[in-house]
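Student: The structure follows.
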Amino acid sequence: MEQAAPLINLMNLDRHGLEDYFESIGEKRYRAHQLLKWIYHHGVTDFLGMTDVGKKLRAKLEATAVIRPPKVLFQKVSSDGTTKWLIELDGGNAVETVYIPEPTRGTLCVSSQVGCSLNCTFCSTATQGFNRNLSTAEIIGQVWVAARALGHDAKDNRRLTNVVMMGMGEPLLNFDNVVPAMNLMRDDFAFGLANKRVTLSTAGLVPGIDKLSEVCDVSLAVSLHAPTDELREQLVPLNKKYPIAELMAACQRYLETRPRANVTFEYTLMKGINDRPEHARGLVKLLRRLPSKLNLIPFNPFPGTRYERSDEETIRQFQTIVMEAGLIATVRRTRGDDIDAACGQLVGTVLDRTRRSSQHRAAVALADAGVGA
Ligand code: SAH
């Protein structure tokens, strides 16, 4: 017996992909625009509700496709208005998405992978291990879910103005699914955000940064966290593969190819680890010639971590040193930590396939017992 082809989830396709899809079923490419507006402006996922789509086309769509956003397991609202959604994926996995309202903007922090494979020693997602990449539908679906829950309207009620790919996972290791999702965030037929208001955050995957510059004009955030290779290797093991000098050169190239894009460096301040005046001065040397901003993030603790947040006074001193030397540096206010929604606290539910979570727990236990590094 002939097997029916599986239904394609149209949320996996950006505008270009959807145009190709319509062509493949013998329809005009502009149909893609109609469909995008139904899904992303009106939140309609049932072809029946698409009143300007004729009966014949509707039948064709129903035979070949579905529109399937991910399901929400729960929504939690923090005392400061920060909202976190736990998004259900297949097979018992789940990821987290966080909305951070501010007086002049609303930022959504989106996950790109179930867990993470990079093992940064100060990040709680690393303790969860890694399961898989998210699909485009699962990434843009997080924006879709938040927009619906917030009553976001692209015209009258823009609750959502910025998206940062700073949730769980390393977005550049899921390049092929992240790029179409970021295209939809910036497409006027979908969420219509300005290029600069979509930010991809990376632990420093040099070839990925170069590849990104070829296809996208989004803002780039780079997780630096240390001014020397020796220290950065301890915090971000990926530094062994792509040391600081190579990373800085890649950021420079990104700015040359994408002169309108913003580059921000993230620096999580951990007590006694990377928060001394000499670290601040090292950072100044590194960033002086790169038109960029520095975002200082007070470390957010999580169960089992060996790191602590720097004192307020130390953070202020650090900021003063870099600012007096001419860098633009802001301190990220901690938001949503009463619901575990702050940076580095997102864990979701990861069915670890790498055994990394148990290795990580064992390493932390040994370190806590004073054995090894
Ligand atoms: N993988 C990407 C995006 C995810 S993390 C990246 O590495 O950039 C988003 C930011 O939060 C990164 O700068 C990350 O280093 C930082 N972060 C991770 N754990 C943290 C913690 N416990 N406290 C504060 N910031 C943390």
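Counting from 1, position 318 in the sequence shown corresponds to residue 318 in our numbering; the numbering is continuous, with no gaps. Using N, Cα and C, we set each Cβ at its ideal position, and we do this for glycine too.
Rounded to whole angstroms, what's the CA-CA distance from R148 to E324? Just pull it up for me.
Tutor: As a first step, residue 148 is located in the sequence shown; it is residue number 148 there, counting from the start. As a first step, residue 324 is located in the sequence shown; it is residue number 324 there, counting from the start. Roughly 44 Å between the two C-alpha positions.
Student: Looking at F122 and the ligand SAH, is the gap between the Cβ and the nearest heavy atom below 6 Å?
Tutor: Walking along the sequence shown from the start, residue 122 turns up at place 122. Yes; taking the cut-off as 6 Å, the Cβ of F122 has a heavy atom of the ligand SAH nearer than that.
Student: Can you tell me the Cα-Cα spacing of C251 and A221, whole angstroms?
Tutor: On the sequence shown, position 251 is the one that residue 251 refers to. On the sequence shown, position 221 is the one that residue 221 refers to. C251 and A221: Cα-Cα distance of roughly 10 Å.
Student: With respect to 6 Å, is the separation between the Cβ of I297 and the closest non-hydrogen atom of the ligand NAD below this value?
Tutor: Summarising the ligand content, the structure contains the ligand SAH and does not contain the ligand NAD.
Student: Could you spell out the range, first to last residue, of the beta strand (DSSP E) harbouring K76?
Tutor: The residue labelled residue 76 in the question sits at position 76 within the sequence shown. Its beta strand (DSSP E) spans residues K71 to V77.
Student: Once the 5 residues before and after L189 are set aside, which same chain residues still bring their CB inside 6 Å of it?
Tutor: Walking along the sequence shown from the start, residue 189 turns up at place 189. Reading the sequence as shown, one finds Phe at residue 189 and not Leu. Around F189: H33, L36 and K37.
Student: Just how far apart, CA to CA, sit E170 and Q113?
Tutor: Here residue 170 corresponds to residue number 170 of the sequence shown, with the count starting at 1. Here residue 113 corresponds to residue number 113 of the sequence shown, with the count starting at 1. Taking C-alpha positions only, E170 is separated from Q113 by approximately 7 Å.
Student: Just checking T314 against the ligand SAH - is the residue's beta carbon closer than 6 Å to any of the ligand's heavy atoms?
Tutor: Counting from one through the sequence shown, the residue named residue 314 turns up at place 314. Because no heavy atom of the ligand SAH lies under 6 Å away, the Cβ of T314 does not count as near it: no.
Student: Just how far apart, CA to CA, sit Y21 and I39?
Tutor: Taking the first residue of the sequence shown as 1, we reach residue 21 at position 21. Taking the first residue of the sequence shown as 1, we reach residue 39 at position 39. One C-alpha to the other measures close to 16 Å.
Student: Quick one: Cα of A245 to Cα of A59, how far?
Tutor: In the sequence shown, the residue the question calls residue 245 occupies position 245. In the sequence shown, the residue the question calls residue 59 occupies position 59. Straight-line spacing of the CA atoms in A245 and A59 works out to 56 Å.
Student: Might you give, ordered along the chain, the residues of its own chain that have their beta carbon closer than 6 Å to the beta carbon of F74, omitting 5 neighbours on each side?
Tutor: Locating residue 74 in the sequence shown gives position 74, counting from the first residue. Within the same chain, F74 has close Cβ partners L86.
Student: Assuming L287 and L247 are in contact, meaning their beta carbons sit under 8 Å apart, how far apart are those beta carbons, in whole angstroms?
Tutor: Indexing the sequence shown from 1 puts residue 287 at position 287. Indexing the sequence shown from 1 puts residue 247 at position 247. Actually they are not in contact, since the Cβ atoms of L287 and L247 sit about 12 Å apart, beyond 8 Å.
Student: Since S78 and D338 should fall inside the 8 Å C-beta cutoff, what is the C-beta to C-beta distance between them, to a whole number of angstroms?
Tutor: Stepping through the sequence shown from its first residue, residue 78 is reached at position 78. Stepping through the sequence shown from its first residue, residue 338 is reached at position 338. A Cβ-Cβ separation of about 5 Å places S78 in contact with D338 under the 8 Å criterion.
Student: Leaving aside the five residues before and after A181 along the sequence, list all residues of the same chain whose C-beta is less than 6 Å from its C-beta, in chain order.
Tutor: Within the sequence shown, the letter at position 181 stands for residue 181. Cβ within range, chain order: T136, I139 and I140.
Student: Heavy atom of the ligand SAH less than 6 Å from the Cβ of N174, yes or no?
Tutor: The count along the sequence shown starts at 1 and reaches residue 174 at position 174. It does not: the Cβ of N174 is nowhere closer than 6 Å to a heavy atom of the ligand SAH.
Student: Around the C-beta of D14, are 16 or more other C-beta atoms found within 10 angstroms, so that it is buried, or is it exposed?
Tutor: Counting from one through the sequence shown, the residue named residue 14 turns up at place 14. Buried, since its Cβ has 16 or more Cβ neighbours within 10 Å.
Student: Can you grab the Cα-Cα spacing for the pair P101 / A4, in whole Å?
Tutor: The sequence position of residue 101 within the sequence shown is 101, counting from 1. The sequence position of residue 4 within the sequence shown is 4, counting from 1. Rounded to whole angstroms, P101 to A4 spans 45 Å at the Cα level.
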